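Read the structure below first, then the notes.
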Amino acid sequence: MKILSKNGNELLLLAMKEDSAAKGDYLLIEDRNRSMVVQVYDEEYLSSQALIEDIVKEEVVNASSMENLHDPLNIGSLSRLVRDARVFRAKIRASVTDGKLSSDVTWLPSRVESKIRRITMKELDSLLGRCGVFPIPVGRASHEEEFEIYAEDLDGKLTVITGKKESGKSHLSKMLIKTLVQYGAFVVVFDLNNEYGGLGWSRAGVPSSINQQIKVLEPGKTLRFTLDYCGKTAISGMLKNALDMPAASLREFLRIWDWCESKQSLSIDAIGNAVNTWNINELVRDALVSRYHVIQSSRLFINGERGLQFEDIISGKSGAAMIINMGEISPTVRRIVVELVLSKIVDLLEHKQIPPIFLFAEEAHIYIRDTYWEDIITRMRHFGIYTTFITNQPDAISDGIYRQVDNIFLFNFTNDNDLDKISKVSLADNDTIRSIVRTLPQRHCLAIGKAVCDLPVVIKVAAAEVLMLGETKKFFTKK
Ligand SMILES: Nc1ncnc2c1ncn2[C@@H]1O[C@H](COP(=O)(O)OP(=O)(O)OP(=O)(O)O)[C@@H](O)[C@H]1O
Ligand SMILES: [Mg+2]
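See the structure below:
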């Protein structure tokens with residue numbers, strides 16, 4: 010390979026037949042004692058007017074004459090080589106001086122002297138100083154090299170996994186969760202397809218290594234709280250945000266709550282009775298009664314028993330995943346569940362009763378109200394909720410959130426609008442995203458951000474040994 014030209018922070022490299030590089034590969038351009046790290050993001054033919062004319066001429070000659078052309082000097086094969094020459098477009102990522110990587114790239118490598126070779130991920134990692142204590146193997150980088158990210162890079166961070174339908178997003182997030190749990194972390198999953206429960210089982214149907222650490226919580230069955238455990242703040246938050254309770258009715262409700270509490274009879278039934286007999290405006294009573302029925306039919310609250318307590322699942326354990334199955338409940342109940350779970354966890358974190366929590370939210374725009382997003386990533390991050398959003402609609406996440414994202418795992422997108430959105434807001438440059446993401450094969454993703462030290466890497470996500478539920482159910486099955 011040879012350098013052809015430079016344009017901004019982009020190099021054009023001439024590649025002949027035997028030179029190969031895939032999109033996303035890193036190359037090292039060595040020029041005496043300095044070198045430059047570039048990443049290939051596109052491949053084209055070498056095109057000049059003269060070349061195109063040549064090709065056309067040859068085709069015309071071939072078509073119109075049957076005789077063999079006399080070519081004693083074998084110029085034809087040379088010219089064929091030239092016509093097959095390709096150009097790699099590569100982005101300059103960093104320069105290396107005295108074995109140290111820096112982003113200061115103010116020099117130009119020599120076109121004549123410099124040598125270009127592929128750089129392995131291992132070499133790149135040692136240049137970057139990318140290392141950690143808790144590796145998460147995610148698959149393979151280019152040329153079948155094992156690739157891992159580090160759990161530390163998800164810790165305290167905001168991560169987005171996005172890509173079109175069926176591209177492998179949930180698969181990747183399950184791999185992350187599994188390894189996090191193995192390392193002793195606590196994970197809460199809002200599972201919209203009831204698919205994460207498979208983490209407890211291997212593909213052969215026997216319990217997986219983390220079977221004991223997987224707690225599947227079904228709203229109304231295994232996920233039921235006592236009112237006392239939720240507390241007044243969580244319940245009033247739920248009424249206001251998930252059930253749109255007007256302020257006047259909310260005030261009455263809180264009065265009823267206090268009254269029940271003072272009589273030490275805080276229960277759903279006691280509140281129900283009080284709502285019916287309380288001396289209030291009929292409109293307010295209507296508002297209270299309708300919410301009361303929703304709450305009652307959600308079966309989320311329990312009386313006289315202990316109910317679910319997150320501390321029970323967490324304390325004394327080394328790592329657990331609490332998977333909240335939300336596939337079969339109504340949108341309103343979903344919002345109630347999310348509201349209760351999040352506010353209780355924040356409450357526990359505030360009182361330092363539980364360690365930080367990793368939150369994985371699938372298609373969160375469906376059940377998290379807009380204002381809550383910002384809350385989760387700003388306020389809640391300080392308490393210790395580290396979120397990973399998984400979505401196939403990148404435009405459902407607002408720009409404000411993207412600005413705070415630390416890691417993005419991008420699967421294939423072909424839709425121009427989605428590509429536009431993601432290339433505008435993400436941590437890597439527009440050209441790289443557009444060109445690489447558009448042609449990513451299934452189960453491949455482009456990792457961007459802290460986890461890869463801001464050098465985008467194409468990863469072929471590994472298959473997993475745990476049971477991966479979540480396949481789309483089909484009516485017509487292939488024989
Ligand atoms: N790296 C992989 N190796 C093997 N199988 C995979 C891999 N990634 C995904 N799959 C399989 O491909 C299918 C789709 O993957 P997955 O459910 O993760 O996609 P998704 O992007 O979450 O889709 P959706 O948008 O429908 O939620 C699943 O059956 C999954 O098991
Ligand atoms: Mg999915």
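Taking the working numbering, the leading residue of the sequence shown gets 10, the next gets one more, and so forth. For each residue, glycine too, the CB sits at the ideal point set by N, CA and C. Everything numeric in this text was worked out from a predicted model, so none of it was measured.
Anticipated Cβ contact below 8 Å, residue i with residue j, distance rounded
i	j	result
VAL169	PHE398	5 Å
ILE386	LEU167	5 Å
TYR238	GLN318	6 Å
ASN416	LYS459	6 Å
THR129	GLU154	6 Å
TRP210	VAL475	7 Å
7 Å Cβ cutoff met for residue i and residue j
i	j	result
GLY172	ASN421	yes
VAL491	SER327	What the structure shows of the chain is the stretch from 10 to 488, and residue 491 is not part of that stretch, so it cannot be assessed.
TYR381	GLY165	no
SER307	ILE277	no
LEU358	GLY393	yes
ALA150	ILE468	yes
GLU348	MET247	yes
VAL414	MET389	no
ILE12	ARG120	yes
ILE64	ARG92	yes
LYS430	ASP404	yes
Which listed residue (the options) has its alpha carbon closest to that of residue i
i	options	result
TYR376	SER111, LEU232, ASP200, LYS183	ASP200
VAL197	PHE367, TYR411, LEU428	PHE367
ASN203	LYS174, LYS183, THR486, GLY193	LYS183
ARG264	LYS241, ASP278, MET247, LYS430	LYS241
ILE332	LEU110, LEU357, LEU208	LEU208
PHE310	TYR35, ASP440, PHE234	PHE234
TYR301	GLU320, GLY281, ASN312, ALA373	GLY281
TYR54	TYR35, HIS79, ARG43, ARG89	ARG89
GLY108	ALA72, ALA296, LEU136	LEU136
ALA296	ARG260, LEU232, GLY85	ARG260
ASP134	PHE418, SER57, TYR35, ALA59	TYR35
LEU275	ASN288, VAL298, LEU236	LEU236
PHE418	ASP425, ILE445, ASN424	ILE445
Straight-line Cα distance separating residue j from residue i
i	j	result
ALA256	LYS249	8 Å
SER104	ALA213	48 Å
ILE410	TYR192	28 Å
PRO67	LYS483	The identity of residue 67 in the sequence shown is Glu, whereas the question assumes Pro. The alpha-carbon atoms of GLU67 and LYS483 are separated by roughly 52 Å.
VAL470	CYS140	20 Å
ALA243	LEU351	9 Å
ASN401	GLY229	28 Å
PRO340	ILE145	34 Å
ALA30	ALA370	36 Å
LEU455	TRP116	28 Å
LEU252	ALA472	41 Å
ALA279	PHE262	12 Å
HIS453	VAL466	10 Å
SER179	TYR205	9 Å
TODO: Evaluate the contact criterion for the stretch 38-54 versus the stretch 120-136: three or more CB pairs, one atom per stretch, below 8 Å.
DONE: Of all C-beta pairs linking the stretch 38-54 to the stretch 120-136, three or more are shorter than 8 Å, placing the two stretches in contact.
Task: Three or more C-beta pairs below 8 Å linking the stretch 83-102 and the stretch 17-24 - done: Because the criterion of three Cβ pairs below 8 Å is met, the stretch 83-102 and the stretch 17-24 touch.
Open item on the list: Count Cβ pairs between the stretch 184-191 and the stretch 159-167 that sit closer than 8 Å; are there 3 or more?
Closed with: At 8 Å Cβ cutoff, the stretches touch.
Open item on the list: Check whether the stretch 213-226 and the stretch 323-341 are in contact - that is, three or more C-beta pairs closer than 8 Å.
Closed with: Yes, the stretch 213-226 touches the stretch 323-341.
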